[in-house]
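Residue numbers (our numbering): 86 to 466.
We put the beta carbon where it would ideally sit given N, CA and C, even for glycine.
Computed from a prediction, not measured in an experiment: that's the story for all the values here.
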């Protein structure tokens, strides 16, 4: 607003959206810290360097691609959507800065607290192990609140939502029946998406935006009758090209580039296809949402690709297991948190909000998560 941009109703969803993006980056950084050498083998500085080495590049790539997607989305003819995209691009930038200059220092302070074995709340009392307090006949409540130890492995700092889903995924993808099942499900997804994309209708119904007694309804009919629509497919193509170029700048690997490109293409086809089943048409409104979804959906692919590139082994199954161990929990948590961040929009009467929720939640996030599994085997082939 300080730059002269007005605040519109559509921009009201930005805080929920940025919360989802911020939590995504937070999970990636914390996952990098969880995989760092334990404190009794390294210093806080070394652990922070390890975290930024593993997670810093990943969140940089995703933040840049998200900003680019929203900047391209600002080419929309609707002023409200243009303002929304510009606001969100700036918000993503500041979200990235907050990760570096607020979250990272907070993690460093917490690591210093852990190194000195201080209590997580008051930071004054030295924490002792559960066994010591049990020998002193302390109550269970006291032990639960005041006992603890320095984490010695990744499992010590992971929640059940991070531990068990990735173990199940690793178990499924380790054996041929599981791989075949995933391939069959993925093939069914592609076939249904292509069918829907071929039958997708084009055009924006003005009554979806405003009521018929609104002065804008007459203007919309006039604008649709006498003026052609945007080159929507070209806009998506430009977004894909720029996002892939940014990805290749940070991860210059041809195989990974091809895998990410195919993944993005598959996700875009999926969004096009399932728009048909949701009874949405291809228009300037849904196309802008689609452009923004490109930036979000590439996040999960980048995270898993970055994990693969940082691992060195000739055993594909072993690399697969380690990659899922490093990124499975953060990806699942980020997907659910992002979906919850904008899930409230499904109850909105606004056509723009409703379309955005469907395309972002059900396509960009769920499809992005789904595509992680089939592509993991391709990268090491």
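Please list the terminal residues of the continuous alpha helix (DSSP H) segment that includes residue i.
i: residue 110; result: 99-119
i: residue 200; result: 189-200
i: residue 160; result: From DSSP, residue 160 is part of no alpha helix (DSSP H); its letter is neither H nor E.
i: residue 336; result: Where residue 336 is concerned, there is no enclosing alpha helix (DSSP H), given that its DSSP letter is neither H nor E.
i: residue 268; result: 261-283
i: residue 131; result: 129-136
Closest by CA to residue i, which one among the options?
i: residue 347; options: 185, 115 and 275; result: 275
i: residue 282; options: 362, 103 and 208; result: 362
i: residue 340; options: 134, 327, 354 and 394; result: 394
i: residue 138; options: 121, 128 and 148; result: 121
i: residue 175; options: 278, 96 and 118; result: 96
i: residue 278; options: 196, 104 and 353; result: 353
i: residue 182; options: 355, 199, 322 and 149; result: 149
i: residue 157; options: 407, 357 and 326; result: 326
i: residue 324; options: 381, 385 and 303; result: 381
i: residue 237; options: 124, 103 and 420; result: 124
i: residue 335; options: 349, 177 and 146; result: 146
i: residue 280; options: 263, 94 and 357; result: 357
i: residue 144; options: 165, 128 and 188; result: 188
i: residue 193; options: 223, 118, 220 and 243; result: 118
i: residue 367; options: 286, 267, 179 and 408; result: 286
i: residue 271; options: 432, 223, 98 and 351; result: 351
i: residue 253; options: 410, 218 and 401; result: 410
i: residue 230; options: 243, 203, 256 and 255; result: 203
i: residue 99; options: 219, 168 and 198; result: 168
i: residue 152; options: 173, 416, 364 and 256; result: 173
i: residue 83; options: 440, 403, 385 and 130; result: Nothing can be reported for residue 83: it is not among the residues displayed for the chain, which extend from 86 to 466.
i: residue 258; options: 415, 140, 403 and 424; result: 403
i: residue 383; options: 415, 349, 396 and 355; result: 349
i: residue 90; options: 164, 130, 126 and 140; result: 164
Would you decide whether residue i is buried or exposed? Buried here means 16 or more other CB atoms lie within 10 Å of its CB.
i: residue 260; result: exposed
i: residue 201; result: exposed
i: residue 92; result: exposed
i: residue 463; result: The predicted model places residue 463 with a pLDDT of 48, which falls under 50 and marks its position as unreliable; any figure quoted below should be read in that light. When all chains shown are included, residue 463 counts as exposed.
i: residue 461; result: Because residue 461 carries a pLDDT of 49, less than 50, the predicted location of this residue cannot be relied on, and the following value inherits that uncertainty. Answer is buried; the Cβ neighbour count reaches 16.
i: residue 466; result: In this prediction, residue 466 has a pLDDT of 48, which is less than 50 and means its spatial position is unreliable; what the coordinates show is noted afterwards. Classification of residue 466: exposed, given that the 10 Å Cβ count is below 16.
i: residue 405; result: buried
i: residue 359; result: buried
i: residue 216; result: exposed
i: residue 132; result: buried
i: residue 208; result: exposed
i: residue 196; result: buried
i: residue 105; result: buried
i: residue 128; result: exposed
i: residue 206; result: exposed
i: residue 110; result: buried
i: residue 268; result: exposed
i: residue 303; result: exposed
i: residue 423; result: buried
i: residue 199; result: buried
i: residue 375; result: buried
i: residue 177; result: buried
i: residue 378; result: buried
i: residue 166; result: buried
i: residue 225; result: exposed
Below 8 Å on the Cβ atoms is my guess for residue i versus residue j; work out the distance and round it to an integer in Å.
i: residue 102; j: residue 184; result: Between residue 184 and residue 102 the Cβ distance is about 16 Å, and since that is not below 8 Å, they are no contact.
i: residue 108; j: residue 419; result: 6 Å
i: residue 387; j: residue 154; result: At roughly 13 Å, the Cβ-Cβ gap does not stay under 8 Å, so residue 387 and residue 154 are not in contact.
i: residue 116; j: residue 371; result: With 8 Å as the limit, residue 116 and residue 371 do not qualify as a contact, their Cβ atoms being about 33 Å apart.
i: residue 343; j: residue 332; result: The Cβ separation is near 11 Å, so there is no contact.
i: residue 389; j: residue 408; result: 6 Å
i: residue 232; j: residue 214; result: 6 Å
i: residue 159; j: residue 171; result: 5 Å
Tell me whether residue i, by its Cβ, gets closer than 8 Å to a heavy atom of the ligand SAH.
i: residue 347; result: With respect to the ligand SAH, the structure shown offers nothing to examine, as it has no ligands at all.
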